[in-house]
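*Asks:* Structure incoming, see below.
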DNA sequence: CCCAAATCTAAACGATTGTTTAGATATTTA
DNA sequence: TAAATATCTAAACAATCGTTTAGATTTGGG
């Protein structure tokens with residue numbers, strides 16, 4: 036056919052994702068993306084259509100990175116203990132990826148909470164309700180919990196993740212551990 | 036002297052504060068501020084110097100609004116129970132002011148977490164450490180708690196406030212209550 | 001080997017950002 | 001009432017935003 040791309044889409048998406056993770060959507064400009072991704076605007080637009088499209092791709096990239104801890108959580112069989120380990124995994128993957136910026140999805144959830152961007156809000160809602168459903172399933176393995184208790188605790192854990200995201204930005208390892216332990220103390 | 040101002044600074048700051056609260060700093064433009072405040076850019080700049088200055092004023096305005104619940108918390112004498120009531124007060128003041136946007140300070144803390152805006156970051160840190168110190172003081176009234184426990188629980192509560200801010204945006208009254216109750220279950 | 005097609009560079013696009021300025025209008029004081 | 005001065009309107013400012021375009025460059029197939 037014709038000339039070949041001089042970059043690999045997966046690689047530049049990964050770089051964009053880290054930039055979005057670090058700065059959020061609005062505070063990341065096309066100029067910054069050009070520099071970080073190492074390609075220029077034309078290439079970005081021909082590959083991803085728009086900044087918005089690139090952001091959606093970045094969210095999917097992030098999703099694939101955390102997919103394995105989700106799978107681990109789903110396939111585990113120790114109930115609440117698995118959720119706690121999921122919390123630990125969540126902060127660890129952040130520091131593994133050299134990023135002390137909390138969770139990209141939680142950050143995005145916060146940034147777009149008052150936006151009317153249907154696509155992204157939908158993406159967030161799907162993520163949140165998926166996570167909540169997994170929590171519910173895990174909590175249900177303890178037959179002594181009433182359904183009301185299960186729902187109540189699932190909501191609590193979902194919201195506790197916001198605190199965790201904030202913690203992983205500024206708090207020490209020890210403080211994060213304390214927070215997680217205290218969160219699960221009476222679940 | 037000369038011509039009089041056709042607006043009262045305190046009133047227009049209040050309106051600006053609500054707009055910032057609703058949309059965040061970056062997503063609030065001068066045009067939006069002109070419309071909401073009912074005065075034009077010249078007046079805004081002559082009164083507040085810059086968008087940034089107006090935002091700082093708005094933060095101070097928010098601080099004065101929540102001052103009474105802080106005073107109430109400080110002057111109370113039921114230890115942890117007072118902190119719990121402070122949590123309830125925090126969400127109630129939001130709905131009183133017709134705003135389901137969480138806490139302006141928590142929102143700002145999140146939005147500026149990766150910024151290098153020293154003034155605002157400092158403002159946030161002062162607020163957070165003040166709040167933490169009040170928590171510590173309240174927790175200390177229970178003499179059975181070790182100092183380590185007190186610090187641990189204070190951190191936990193500070194982070195729990197991030198979950199609360201998220202909750203007050205999307206969750207129902209009932210879910211918010213459940214969250215607060217569960218937060219204090221083992222404190 | 002040359003034409004066709006895809007990707008590159010780099011400049012320009014219009015819109016919007018926060019900020020400033022020029023000039024008209026209103027108010028106070030002498 | 002007239003001069004002084006602060007506030008108003010409204011336009012323009014430069015910079016940046018995300019996006020598009022024109023033209024050079026590289027590649028592969030007939």
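Residue numbers (this note's numbering), protein chains in the order written: chain A, 36 to 222; chain B, 36 to 222.
Each residue gets a CB set at the ideal place from its N, CA and C atoms; glycine is no exception.
Predicted model, so just to flag it, every value in this text is computed and none were measured.
1) Any beta carbon of chain B sitting closer than 8 Å to that of residue 68(A)?
2) So which of 145(A), 107(A) and 157(A) has the shortest CA-CA distance to residue 204(B)?
3) Just the C-alpha distance for residue 63(B) and residue 88(B), rounded to the nearest angstrom, thanks.
4) To test your reading of the DSSP string, which unbroken alpha helix (DSSP H) runs of 4 or more residues are found completely within the stretch 118–169 of chain B?
5) Express the C-alpha separation of residue 199(B) and residue 194(A) in angstroms, rounding to a whole number.
6) Identify which residue in 56(B), 72(B) and 41(B) has its Cα closest to the Cα of residue 50(B).
7) Find the residues of chain B that neighbour residue 213(A), judging by a C-beta separation of less than 8 Å, and give them in chain order.
8) If the cut is a Cβ gap below 9 Å, which residues of chain B does residue 81(A) touch?
9) Going along chain A, which residues have a C-beta under 7 Å from residue 172(B)?
10) Assuming residue 114(A) and residue 184(A) are in contact, meaning their beta carbons sit under 8 Å apart, how far apart are those beta carbons, in whole angstroms?
11) So, with DSSP's three-state summary, where would you put residue 45(A)?
12) Please confirm whether residue 64(A) has its beta-carbon closer than 8 Å to some beta-carbon of chain B.
13) Quick check on DSSP: helix, strand or coil for residue 60(A)?
14) Determine the DSSP secondary structure at residue 76(B), reduced to helix, strand or coil.
15) DSSP on residue 39(B), reduced to helix/strand/coil?
16) Is there a C-beta anywhere in chain B that falls below 8 Å from the one on residue 87(A)?
17) Return the CA-CA distance between residue 59(B) and residue 143(B), expressed in angstroms with no decimal places.
18) Quick check: the Cα distance between residue 181(B) and residue 105(B), rounded to an integer number of angstroms?
19) Determine contact between the stretch 150–158 of chain B and the stretch 206–216 of chain B, defined as no fewer than three beta-carbon pairs at a distance below 8 Å.
20) Any beta carbon from chain A within less than 8 Å of residue 51(B)'s own beta carbon?
21) So, does the stretch 36–45 of chain B touch the stretch 154–164 of chain A, judging by three or more C-beta pairs under 8 Å?
22) Hey, quick one: how far does the alpha helix (DSSP H) through residue 110(B) stretch, first residue to last?
23) Using C-beta distances below 6 Å, list every residue in its chain close to residue 124(B), excluding the 5 sequence neighbours before and after it, in chain order.
24) Scan the stretch 98–124 of chain A for residues whose Cβ lies nearer than 7 Å to a Cβ of chain B and list them as they occur along the chain.
25) Can you list the residues of chain A that residue 148(B) reaches, using a CB-CB cut of under 7 Å?
26) When we look at the beta-carbon of residue 84(A) and count the other beta-carbons within 10 Å, is it buried (16 or more) or exposed?
27) Would residue 140(A) and residue 162(A) qualify as a contact pair, given that the criterion is a beta-carbon distance under 8 Å?
28) By DSSP, does residue 114(A) sit in helix, in strand, or in coil?
29) Going by beta-carbon coordinates alone, are residue 57(A) and residue 134(A) separated by less than 8 Å?
*Replies:* According to the structure data:
1) Within the first chain, numbered from 1, the residue matching residue 68(A) stands at position 33. Not a single CB atom of chain B sits nearer than 8 Å to the CB of residue 68(A).
2) Here residue 204(B) refers to the residue found at position 169 of the second chain. Looking at the Cα atoms, 145(A) is the closest of the given residues.
3) Working through the second chain from its first residue, we reach residue 63(B) at position 28. Working through the second chain from its first residue, we reach residue 88(B) at position 53. For residue 63(B) and residue 88(B), the distance between alpha carbons rounds to 14 Å.
4) 139–146
5) If you number the first chain from 1, residue 194(A) lands on position 159. If you number the second chain from 1, residue 199(B) lands on position 164. Rounded to the nearest angstrom, the two C-alpha atoms are 7 Å apart.
6) Looking up residue 50(B) in the second chain gives position 15. Of the listed residues, the one whose Cα sits closest to residue 50(B) is 72(B).
7) The sequence position of residue 213(A) within the first chain is 178, counting from 1. In chain order: 187, 190 and 191.
8) Taking the first chain and counting its residues from 1, the one referred to as residue 81(A) is at position 46. Residues of chain B passing the Cβ test: none, with the nearest at roughly 28 Å.
9) Translated into positions along the second chain, residue 172(B) becomes position 137. What residue 172(B) touches in chain A: nothing, since even the nearest Cβ is about 19 Å away.
10) Numbered from its first residue, the first chain carries residue 114(A) at position 79. Numbered from its first residue, the first chain carries residue 184(A) at position 149. 13 Å between Cβ atoms; not a contact.
11) For the purposes of this step, residue 45(A) is taken as the residue at position 10 of the first chain. Helix at residue 45(A).
12) On the first chain, residue 64(A) is found 29 positions in, with the first residue counted as 1. With 8 Å as the cut-off, residue 64(A) does not count as an interface residue toward chain B.
13) Here the question's residue 60(A) lines up with position 25 in the first chain. Residue 60(A) sits in coil when the DSSP states are folded into three classes, being neither helix nor strand.
14) In the second chain, residue 76(B) corresponds to position 41, counting from 1. Note: residue 76(B) maps to helix in three-state DSSP.
15) Here the question's residue 39(B) lines up with position 4 in the second chain. If DSSP states are grouped into helix, strand and coil, residue 39(B) belongs with coil.
16) Residue mapping note: residue 87(A) aligns to position 52 of the first chain, counting from 1. So, not an interface residue.
17) Within the second chain, numbered from 1, the residue matching residue 59(B) stands at position 24. Within the second chain, numbered from 1, the residue matching residue 143(B) stands at position 108. Whole-angstrom Cα-Cα distance: 7 Å.
18) Translated into the one-based positions of the second chain, residue 181(B) becomes position 146. Translated into the one-based positions of the second chain, residue 105(B) becomes position 70. Roughly 25 Å between the two C-alpha positions.
19) no
20) By 1-based counting over the second chain, the position of residue 51(B) is 16. No, no contact with chain A.
21) Touching, no, given that fewer than three Cβ pairs across the two stretches are closer than 8 Å.
22) Here the question's residue 110(B) lines up with position 75 in the second chain. 86–110 is the span of the alpha helix (DSSP H), which, as asked, contains residue 110(B).
23) Against the second chain, residue 124(B) aligns to sequence position 89. Correct list, in chain order: 104.
24) none
25) Here residue 148(B) refers to the residue found at position 113 of the second chain. Going along chain A in sequence order, the residues near residue 148(B) (Cβ under 7 Å) are 204.
26) Stepping through the first chain from its first residue, residue 84(A) is reached at position 49. Flag for residue 84(A) reads exposed.
27) Residue 140(A) sits at position 105 when you count from the first residue of the first chain. Residue 162(A) sits at position 127 when you count from the first residue of the first chain. Taking 8 Å as the Cβ cut-off, residue 140(A) and residue 162(A) qualify as a contacting pair.
28) Translated into the one-based positions of the first chain, residue 114(A) becomes position 79. Coil at residue 114(A), not helix or strand.
29) Residue 57(A) sits at position 22 when you count from the first residue of the first chain. Residue 134(A) sits at position 99 when you count from the first residue of the first chain. It is a contact, given that the beta carbons lie within the stated cut-off.
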